[in-house]
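A.B. asks: To convert, take the position in the sequence shown, counting from 1, and add 6; that gives my numbering. Backbone N, C-alpha and C define an ideal beta-carbon position, used for all residues, glycine too. On a predicted model such as this, the values are computed, not experimentally measured, just so you know. The structure's right below; bear with me while I get my questions together.
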Amino acid sequence: MIKGHPCKVVNVSTSKTGKHGHAKCNFTALDIFTNKKYEDIVPSTHTTSVPFVSRAEYTLLDITDDDFCSLMDDSGATREDIKLPTFPETFADEIRADFDDGKQLVLTVLKACGTEQIIAKKEDLS
Numbered sequence: 007m008i009k010g011h012p013c014k015v016v017n018v019s020t021s022k023t024g025k026h027g028h029a030k031c032n033f034t035a036l037d038i039f040t041n042k043k044y045e046d047i048v049p050s051t052h053t054t055s056v057p058f059v060s061r062a063e064y065t066l067l068d069i070t071d072d073d074f075c076s077l078m079d080d081s082g083a084t085r086e087d088i089k090l091p092t093f094p095e096t097f098a099d100e101i102r103a104d105f106d107d108g109k110q111l112v113l114t115v116l117k118a119c120g121t122e123q124i125i126a127k128k129e130d131l132s
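Now the structure itself:
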């Protein structure tokens with residue numbers, strides 16, 4: 007977690023102990039939902055929080071006019087509380103176009119810190 011955002015760390019660098027304090031760790035990370043870059047510098051003796059991230063796959067059943075997706079999991083349970091993604095900008099249009107073309111899509115939903123978002127799609131060829 008960097009500045010309240012669940013992130014994937016892409017680089018860690020350390021600086022040596024200086025005249026006034028501990029060694030520092032410089033974290034560079036990308037938000038897992040928006041891919042926005044965040045940086046944080048913390049003393050090497052401090053702890054950091056790590057978000058619990060889960061990933062699930064759902065079959066896309068329908069898309070409503072207000073961009074909510076009707077999804078079904080492997081057990082047959084349905085949910086209609088996830089909207090088409092806003093990032094990347096054209097991703098929602100790609101999903102809608104593939105669905106309108108009659109493709110059977112499987113969407114990957116990432117969940118962390120109370121937020122759920124569609125992050126990937128693939129065509130179900132089975």
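For valine 15, which residues of its own chain have a beta-carbon under 8 Å away from its beta-carbon, when the five flanking residues on both sides are left out?
C.D. replies: Hits under 8 Å: Phe33, Thr34, Ala35.
A.B. asks: Pull the bridge partners of serine 19 from the DSSP assignment, please.
C.D. replies: Bridge partners of serine 19: Asn32.
A.B. asks: Can you list the alpha helix (DSSP H) stretches of 4 or more residues lying completely in the segment 86-125, in chain order?
C.D. replies: Here the runs fully enclosed are 97-106.
A.B. asks: Spatial neighbours of alanine 126 within its chain, please: C-beta separation below 6 Å, excluding the five flanking residues on both sides.
C.D. replies: Taken in chain order, the residues that qualify are Thr114.
A.B. asks: Note the first and the last residue of the continuous beta strand (DSSP E) segment covering serine 81.
C.D. replies: Segment: none, serine 81 is in no beta strand (DSSP E) and carries neither H nor E.
A.B. asks: Spatial neighbours of lysine 22 within its chain, please: CB distance less than 7 Å, with the 5 preceding and 5 following residues excluded, ordered by chain position.
C.D. replies: Taken in chain order, the residues that qualify are Ala29.
A.B. asks: From what residue to what residue does the beta strand (DSSP E) around lysine 43 run?
C.D. replies: Taken as a continuous stretch (DSSP letters only), the beta strand (DSSP E) holding lysine 43 covers 43-49.
A.B. asks: Tell me whether the beta-carbon of leucine 67 lies closer than 8 Å to the beta-carbon of threonine 84.
C.D. replies: Yes. Within cutoff.
A.B. asks: Alpha carbon to alpha carbon, how far is glutamate 86 from glutamate 63? Give it in angstroms, no decimals.
C.D. replies: C-alpha separation (whole angstroms): 14 Å.
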